[in-house]
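Working notes, beginning with the structure itself.
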Amino acid sequence: MVRIKIPFSVSILFLLSFIVLSLQLMSSALQDTSSLGDMYSWLLLSNIVGTICLLALVSYNIFSLARRLKKREAGSRLTTNIVLLFIVLSLVPAGTVFYFSMKFLHQSIDSWFNVELDAAMEDALELSHSALEQRVRWNLKQSQRLTESLRNKTIQEIGLEIEQLREIAAANEVTLLTQKGRIIAFSGLTQSDILPSLPVSSLFFQVQQGEDFVNLASVDDRLVVQTIVAIEPRKNYYLQIVYPVPERINDLTDSVEFAYVRFQEMTYLRHSLKVSFSLVLSLVLLMSFLAAVSAAFISVRGIIAPIRDLVRGTQAVAAGYYEQLVPAKRQDDLGFLVESFNEMVRQISRAQDETRKSTHEIERQRAYLETLLTSLKAGVLSFDSSLNIRTANQAANIILHVQVMRFYGQDLSHLAMGRPDLMGLVDVVQPLLEKSFDIWQRNIVVDGPDGRKELLCQGTPLFSTEGGYIGAVLVFDDITDLIQAQKNAAWAEVARRLAHEIKNPLTPIQLSAERLQRKLSAKLEKEDAQMLSRSTVTIIQQVEAMKHMVDDFSEYAQPVRNQAANLDLLALVQEVIILYGANPKVEFELMLGADIPLIKADAVSIRQVLHNMFKNALEAMDGKGKIIIKLQAVKKNNSIVVQLGIYDTGGGIDKNQAKNIFEPYVTNKQRGTGLGLAIVKKVIEEHGGTIRLDSNYKQGAGFIMQFPAIFEETQ
Amino acid sequence: MRGCRKSKSLLLCCFISMLSGWHVCYAGGKFVKIKQAQLSIVDNKARLSILLDFRLSPEAQKALYSGITLFWDVSIKLKQKQAFWYKTLFAHTYRYSLTYYTLLDNFRVKDERKKTFRRFSSLAEALVFMQHIETEEMPLSEYVTNQCVISVLKISFDQEMLPAPLRPVAYFDRQWDLSTNEKKWCE
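Respectively, the protein sequence lines represent chains A and B. Start counting the first sequence at 6; every next residue gets the next number (the working numbering). Start counting the second sequence at 338; every next residue gets the next number (the working numbering).
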C-alpha cells in the first residue's frame, strides 16, 4: 500500500487557510447584508470546535513534552525552547494587534452612535411625523370641507355622486356609511377594491360619539390617511375618505423610518456587536496562537527527529554498537551533521575492530603464555621495575609451597616471612635481581617442608625497546630428582661394574684357597698347616663377604621387580610387624589415620622396603626401643597420597650424613654396605613415591614415605 | 497522580455546577407558557384551540422596540398509537412574527405562512391577540375513531432569526427563552 505523506508546510497552510476562511465567513456573517447570517451560529460553533480541537492538540503536545522533559529525553529541552520562542514570537505581535484592534473596534462602534447622529435620527423621525400629521390634518380638513359641500344634498344624491366626490378629493376610496357602520355607497380607485377598508369597531365608536376620525394607516406597504366625518346636518351618515400619501412623502418617510429603525437596532445591538466582534477577534488571536504553537510542535518535530536519531546513535556508540548509522534524510546543516556523525562512527568502528583484533591477539598471546607457563614444570616469577612480584605460574606455587599470588605487588622478601626455609633462596636471589643487569644462574638448596630441594635458579633482567629497565624474570626448577637420578645412575653403573669385575674372580679365589687348604694342609708342619688353614678360612670368609657385597650391589643395580597390583599398605605393615613382634624389647606403636586408600605397588618390593626400614631401626636401637609407625592419607599438590612414617628411638642420624643418607655407601654402622636406604629409595621412587628424612623428629631417626593413592571404582 | 485526581475532581465539580446552573435557569419560570389546549375532532377533521400565557421579557421588548422582528413557530403534531408505533396523523408548523413600526407606532402580528397580518396600536393588544391560537381544520389521515389522539404542541422562539451579533447572547440569556415546553396530551 502506497502511503501518501502530506508535507508539513502543506498541512500548516491548510490549517491556517481553514482558520482564516472560517473566521472570514464568521466575520462576514456579522454583516447584516450578508447571506451568511443564517450560518452564523454554525460558523461560530465550527470555530469554537476548531479552537477546542486545536487546544486539545496543543494540550496533548504540551503534556507529551512535559513527560519527555521529566524523562529527560533527547531533544525535549530544545523543543521547549523552540515552542516558547514560537509562542513569544506569535503572541507578542498578535497580542499587540489584538489590543489595538479591540480598542479601534470599540471606538469605531461607539463612534457610530454619537449624540449628534442620535439627535439627527430623532429629528428626522420627528420631521416625518410632523409631515405626516400635517398631511393628516390637511386631509381631515379636506374631508370636512367636502362634507360641508354636501350639506344640502340628499343621501341618494350623495350616493350617486360618490364617484365624483372621490375624484374631487383625489382619494383612494370614498365610502358613505350609516351610523351603525352599514355601507350605503362606495367608490374605489381600482376595480379590485370591492369592499372598503373599515376602521375597527372601537375606533368607529369614537365617530359615533360625534368626533371626526382620522387615522394614518399602511395598506400594501403604502401609507394612507383614513378620515371619517359626519355629514351635517344629518348626523346619522358618515363619509369615509381614504387619501393616499403622496409618493414622495411616502418614500421619504419610509426611508427615514428604515434608517431610524436600523439605527435603533444598531444602537440596541451595540453591546452585542462589541461582544461578537471581540469574540471573533479573540478567536482569531486564540487560533493564531494555537496554530503557531501547533506549527511550532510540528516543525520542531522535523528538527528534533535527526537530533533524536543522533542521540540514539551516540547512545548506541556509547554502548558499543557501531553498526547503527543515523539515516540522513535532510540536505541541510543537520543532514551534514548526520553524515559527519556517520563517518565518525564508521571510523570508530574500524578503529574498534582493529583494537578488538589487537586485543584479541594480545589475549590469545597472553593465554598462550599463561598456558605455557602453567604447563612448565619450572617455576616462573616476574617482577616489575621496583622488583615487586607481578606474576607467578602454578609451578612456582608448588615448588615454593606458597601461594605467590598473595604477594603480588610486594617484593621477594615478603615470601620468606613465616617461611624461614625460603630465607636462603631470598637472600641469594634478591641481591642478584637488584644488582645484576645480565642473565645469571645459581643452584640454591632449600630445606622445605617436603625435604631438601635443590633449585636451579636463573634470573633475566627485562628491558623495554627503548632500553629502560622494566623488571626481571626469575625461573627456577626443582632439580633434586634430576641430580638424584644422575647419582643413582652413576651408582648403578658402579654397582654393575663391581658385580661384573669383582664377582667373577671371587669364585676362582675361593676355589684356589680351598684347593691350597686341601693340597697343602697335609704336607706342611702343624704350625704352618694351622696358619694356612687360618689364612684360607680368612680368604674364603672375605670372599663370601665380598660375594654378599657384590650381590647387594647387583641387587641395587638391577631394575626393581615390579608386578604392581592394588595393595593395602596397612595390611602389609601389620603383616611385617608380626614378624618382629617376637622381640619383647621392641615396642611397635601403630598410629593410623582415617580412610587410608590403596596404593598400586609390588607387594614383594614394598615388603623388602619395610624389612629394610625396620632392620635399620632395630640396628639403630641396638635391639631395644620403640618403633612408631604412622599411616595416613594426606593431600599433596591437589592429590591424595598415602603417607607412611617410621620413627625409631635410636641414636638418630648425624646432620652431616643427613644430606646424603639415601646415597650408597652412606652408613653409620660398623658393618654394612650402606645400600639399604639407597635400595629403599630406589624401590619407592620406582613406585612413583618419595622418601625423605623427617628433620623435625629429634628422638631418633624418622623417615616419611609417600605413595600415590588409588581409588577403586567401587569406592 | 494525586494532582491529576484533583484536576479530575475539579473538572467534574465544574461540569456538575454548570449543569445545575443550566437547570436552575430553565426552572426559573418561562415567559411563554401553554395555559390551555383543546383538540376537537369532527368528521376526521381536527381543530386545535390554544390559550397561551404570552409575555415578553424586558430584553425582548427592548429588542422589539428597537425594530427587531421576533419569530415564533407553533409546532403541532397529532399522532395515534398503532400496534407497535405511533402514526402521525397530522403535522404542521405555523410561523408568526411580531414587529414594531416606529413611524405608525403600532405592532404587527403576521402569519408568515398565509402572509396575512394584523396591526395593533399597543403591545398588550398584540400579545392578547397572540395568546389565542385557533388552528384551521386539520385533516387526519388514517384516523381511527374511538381511539385516543396524542397531541404534541410546542411554541418555539426562533433565535436564529435574531440579528447575528445577538444570537450568542440569546443562546445563554434566560431573557431570550421565549419558548414553551413541549406539551403532550391525549384526547
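Note that the Cβ used here is the ideal one computed from N, Cα and C, for glycine as well.
Mind checking if residue i is an interface residue toward chain A, Cβ cutoff 9 Å exclusive?
i	result
residue 497 (chain B)	yes
residue 435 (chain B)	no
residue 352 (chain B)	Confidence is the limiting factor: at residue 352 (chain B) the pLDDT is only 43, short of 50, which leaves the residue's position unreliable, though a coordinate-based value still follows. So, not an interface residue.
residue 355 (chain B)	At residue 355 (chain B), the pLDDT of 45 sits below 50, so the modelled position is not reliable and the matter cannot be decided from this model.
residue 430 (chain B)	no
residue 441 (chain B)	yes
residue 365 (chain B)	Note that residue 365 (chain B) has pLDDT 47, beneath the 50 cutoff, so the model's placement of it is unreliable and no number is given.
Please state if the CB of residue j and the CB of residue i are separated by a distance shorter than 9 Å.
i	j	result
residue 591 (chain A)	residue 615 (chain A)	no
residue 230 (chain A)	residue 247 (chain A)	yes
residue 433 (chain B)	residue 467 (chain B)	yes
residue 684 (chain A)	residue 557 (chain A)	yes
residue 390 (chain A)	residue 474 (chain A)	yes
residue 227 (chain A)	residue 194 (chain A)	no
residue 435 (chain A)	residue 417 (chain A)	yes
residue 397 (chain A)	residue 381 (chain A)	no
residue 439 (chain B)	residue 250 (chain A)	no
residue 334 (chain A)	residue 301 (chain A)	no
residue 523 (chain B)	residue 488 (chain B)	yes
residue 408 (chain B)	residue 514 (chain B)	no
residue 441 (chain A)	residue 464 (chain A)	yes
The beta strand (DSSP E) that contains residue i, what's its start and end?
i	result
residue 73 (chain A)	First-last for residue 73 (chain A): 45-75, but that is the alpha helix (DSSP H), not the beta strand (DSSP E).
residue 421 (chain A)	Element bounds for residue 421 (chain A): n/a, residue is neither H nor E.
residue 375 (chain B)	369-379
residue 249 (chain A)	242-249
residue 397 (chain A)	394-397
Going by DSSP, what residue range makes up the alpha helix (DSSP H) through residue i?
i	result
residue 585 (chain A)	574-585
residue 688 (chain A)	681-691
residue 468 (chain B)	460-468
residue 304 (chain A)	275-323
residue 436 (chain A)	428-440
residue 346 (chain A)	338-380
residue 87 (chain A)	81-117
residue 126 (chain A)	120-154
residue 618 (chain A)	608-625
According to DSSP, which residues form a beta bridge with residue i?
i	result
residue 193 (chain A)	A:178
residue 641 (chain A)	A:644
residue 411 (chain B)	B:431, B:492
residue 445 (chain A)	A:464
residue 635 (chain A)	A:596, A:650
residue 308 (chain B)	One cannot answer for residue 308 (chain B) here, as it falls past the ends of chain B, which runs 338 to 524.
residue 475 (chain B)	B:383
residue 416 (chain B)	B:425, B:487
Would a check of beta-carbon distances place residue i closer than 9 Å to chain B?
i	result
residue 25 (chain A)	no
residue 125 (chain A)	no
residue 269 (chain A)	yes
residue 266 (chain A)	yes
residue 180 (chain A)	no
residue 111 (chain A)	no
residue 280 (chain A)	yes
residue 101 (chain A)	no
residue 261 (chain A)	yes
residue 56 (chain A)	no
residue 130 (chain A)	yes
residue 133 (chain A)	yes
residue 59 (chain A)	no
residue 46 (chain A)	yes
residue 273 (chain A)	yes
residue 258 (chain A)	yes
residue 154 (chain A)	no
Within the present structure, is the beta-carbon of residue i separated from the nearest heavy atom of the ligand MG by less than 8 Å?
i	result
residue 319 (chain A)	This structure simply doesn't include the ligand MG, nor any ligand for that matter.
If you measure beta-carbon to beta-carbon, which residues of the region 393-422 of chain B are closer than 9 Å to chain A? 399, 400, 402, 403, 404, 405
For the region 449-480 of chain B, list every residue whose C-beta sits within 8 Å of some C-beta in chain A, in sequence order. 456
Near-chain B residues of the region 220-241 of chain A (beta-carbon distance less than 9 Å), N- to C-terminal order: 221, 222, 223, 228
Quick one: which residues of the region 484-514 of chain B get their C-beta closer than 7 Å to a C-beta of chain A? List them in chain order. 497, 500, 501, 502, 503, 504, 505, 506
Which of the residues in the region 61-90 of chain A, read from start to end, lie with their CB under 9 Å from any CB of chain B? none
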